[in-house]
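Peer 1:
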Amino acid sequence: IGMTGLLLDTALDEDQRRYAEMVRSSGESLLGLINDILDFSKIEAGKLVMERLDFDLRVLLDELAELMAVRTQEKGLEFLCAVSSAVPDKLIGDPGRLRQTLINLIGNAIKFTARGEISLRVTLEEEGEQEALIRFSVRDTGIGIPGDRQAQLFEKFTQVDGATTRQYGGTGLGLSITQHLVQAMGGQVSVHDNTPHGTVFRVELAAAEARSSEAA
294 IGMTGLLLDT ALDEDQRRYA EMVRSSGESL LGLINDILDF SKIEAGKLVM ERLDFDLRVL
354 LDELAELMAV RTQEKGLEFL CAVSSAVPDK LIGDPGRLRQ TLINLIGNAI KFTARGEISL
414 RVTLEEEGEQ EALIRFSVRD TGIGIPGDRQ AQLFEKFTQV DGATTRQYGG TGLGLSITQH
474 LVQAMGGQVS VHDNTPHGTV FRVELAAAEA RSSEAA
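Residue numbering for the sequence shown follows the numbering used here, starting at 294 and increasing by one per position.
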């Protein structure tokens, strides 16, 4: 994948560029599939390990927004990221798994959205003496999900229907893995209709706040 990226930075004619982009896209899809299978194997074996580290949430979100903006632009979509000023900067948790969770949800939104925008909104729902309840909302303007299918989305190897699998691809593992990751972090994930069209995924996590003098 890396070498293909370097190839795309060279002078190529139209056909060569198209072929190289196909190789990169296929490689990224295969890598995503392998990572999903590895993660799910860890989950089923009970070997999913969560770290507990000090991290800066806003730095994580800034880096994530930069990455997702590139991916949405490649599909002709707009990406918006809004973080409430009330959300604490310094938290204790697993930044890698939080990042993976948000990438899974935003990537899923990109896959099923042909036009419009994807947005990530981060808000503070409650704040105690040591913990903050933070909500991450991923909203899209995509194909939407019928109400009677929403509860099944987090089951392994499940998509909306067979036609969805044929058109958009995927293993049906991504959302199941996401749910397990969120639960392992002590949170919950849910799906809702985005009126008038599209879908909203919400993740709520109770995260411990790190003292500024201790946070990295």
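Even glycine gets a Cβ: it sits at the ideal position worked out from N, Cα and C.
Remember, it's a predicted structure, so these values are computed and weren't measured experimentally.
I'd like to know whether the C-beta atoms of Ile470 and Ile336 end up nearer to each other than 9 Å.
Peer 2: One-based indexing of the sequence shown puts residue 470 at position 177. One-based indexing of the sequence shown puts residue 336 at position 43. Closer than 9 Å, so yes.
Peer 1: I need the boundaries of the alpha helix (DSSP H) containing Lys404, first residue and last residue.
Peer 2: Here residue 404 corresponds to residue number 111 of the sequence shown, with the count starting at 1. Where Lys404 is concerned, the enclosing alpha helix (DSSP H) stretches over Pro388 to Lys404.
Peer 1: So, with DSSP's three-state summary, where would you put Asp306?
Peer 2: Taking the sequence shown and counting its residues from 1, the one referred to as residue 306 is at position 13. DSSP places Asp306 in coil when its eight states are reduced to three.
Peer 1: Check whether the Cβ of Thr492 sits closer than 8 Å to any heavy atom of the ligand HEM, and report yes or no.
Peer 2: Of ligands this structure carries none, so the ligand HEM is not represented either.
Peer 1: Tell me where the alpha helix (DSSP H) around Gln366 begins and ends.
Peer 2: Sequence index remark: in the sequence shown, residue 366 carries index 73 (1-based). In the DSSP assignment, Gln366 falls within the unbroken alpha helix (DSSP H) covering Leu350 to Glu367.
Peer 1: If contacts are defined as beta-carbon pairs under 8 Å, then Asp433 and Asn487 qualify, I think. What distance do you get, rounded to the angstrom?
Peer 2: Along the sequence shown, read from residue 1 onward, the residue named residue 433 stands at position 140. Along the sequence shown, read from residue 1 onward, the residue named residue 487 stands at position 194. Contact annotation, Asp433 with Asn487: C-beta distance approximately 7 Å; criterion of less than 8 Å satisfied.
Peer 1: DSSP state of Val482, grouped into three classes?
Peer 2: Working through the sequence shown from its first residue, we reach residue 482 at position 189. Of the three classes helix, strand and coil, the one that applies to Val482 here is strand, per DSSP.
Peer 1: Could you check what DSSP says for Ile336 in three-state terms: helix, strand or coil?
Peer 2: Translated into the one-based positions of the sequence shown, residue 336 becomes position 43. Here Ile336 sits in helix by DSSP.
Peer 1: Would you check if the region 387–395 and the region 467–484 touch, i.e. whether three or more CB-CB distances between them fall below 8 Å?
Peer 2: yes
Peer 1: Could you tell me whether the Cβ atoms of Leu373 and Ser319 are closer together than 9 Å?
Peer 2: Along the sequence shown, one-based indexing puts residue 373 at 80. Along the sequence shown, one-based indexing puts residue 319 at 26. Their beta carbons are not under 9 Å apart, which means Leu373 does not touch Ser319 by this criterion.
Peer 1: Taking only three categories from DSSP, how would you classify Leu324?
Peer 2: For the purposes of this step, residue 324 is taken as the residue at position 31 of the sequence shown. Looking at Leu324 - three-state DSSP - the assignment turns out to be helix.
Peer 1: Measuring only the C-alpha atoms, how far is Met296 from Ile330?
Peer 2: Here the question's residue 296 lines up with position 3 in the sequence shown. Here the question's residue 330 lines up with position 37 in the sequence shown. Distance between the alpha carbons of Met296 and Ile330: 24 Å.
Peer 1: What's the C-alpha gap between Ala509 and Met343?
Peer 2: Here residue 509 refers to the residue found at position 216 when the sequence shown is read from its first residue. Here residue 343 refers to the residue found at position 50 when the sequence shown is read from its first residue. Bear in mind that the predicted position of Ala509 carries a pLDDT of just 45, short of 50, making it unreliable; the figure below should be weighed with that in mind. Near 18 Å, if we compare the C-alpha coordinates of Met343 and Ala509.
Peer 1: Tell me the rounded alpha-carbon separation between Leu498 and Leu300.
Peer 2: In the sequence shown, residue 498 corresponds to position 205, counting from 1. In the sequence shown, residue 300 corresponds to position 7, counting from 1. Approximately 41 Å, taken between the alpha carbons.
Peer 1: Locate the alpha helix (DSSP H) running through Ala501, then write down its first and last residues.
Peer 2: Translated into the one-based positions of the sequence shown, residue 501 becomes position 208. Here Ala501 belongs to no alpha helix (DSSP H); instead the beta strand (DSSP E) covers Thr492 to Glu502.
Peer 1: Using the C-alpha atoms, what's the distance from Gln481 back to Gly339?
Peer 2: Position 46 of the sequence shown, counted from the first residue, corresponds to residue 339. Position 188 of the sequence shown, counted from the first residue, corresponds to residue 481. Approximately 19 Å, taken between the alpha carbons.
Peer 1: So, with DSSP's three-state summary, where would you put Thr471?
Peer 2: The residue you call residue 471 lines up with position 178 of the sequence shown. If DSSP states are grouped into helix, strand and coil, Thr471 belongs with the helices.
Peer 1: Could you check what DSSP says for Asp382 in three-state terms: helix, strand or coil?
Peer 2: Within the sequence shown, the letter at position 89 stands for residue 382. Here Asp382 sits in coil by DSSP.
Peer 1: Counting beta carbon pairs with one atom in the region 417–429 and one in the region 489–503, are three or more of them shorter than 8 Å?
Peer 2: Short answer: they touch.
Peer 1: Need the endpoints of the beta strand (DSSP E) that Thr416 sits in, please.
Peer 2: Taking the first residue of the sequence shown as position 1, residue 416 is located at position 123. Segment Glu410 to Glu420, the beta strand (DSSP E) holding Thr416.
Peer 1: In chain order, what residues of the same chain lie with their CB nearer than 7 Å to the CB of Leu305, ignoring the 5 residues before and after it?
Peer 2: Position 12 of the sequence shown holds residue 305. Contacts found: Ala313.
Peer 1: Does any C-beta atom of chain D lie closer than 9 Å to the C-beta of Lys368?
Peer 2: Structure shown: chain D not included; a single protein chain is present.
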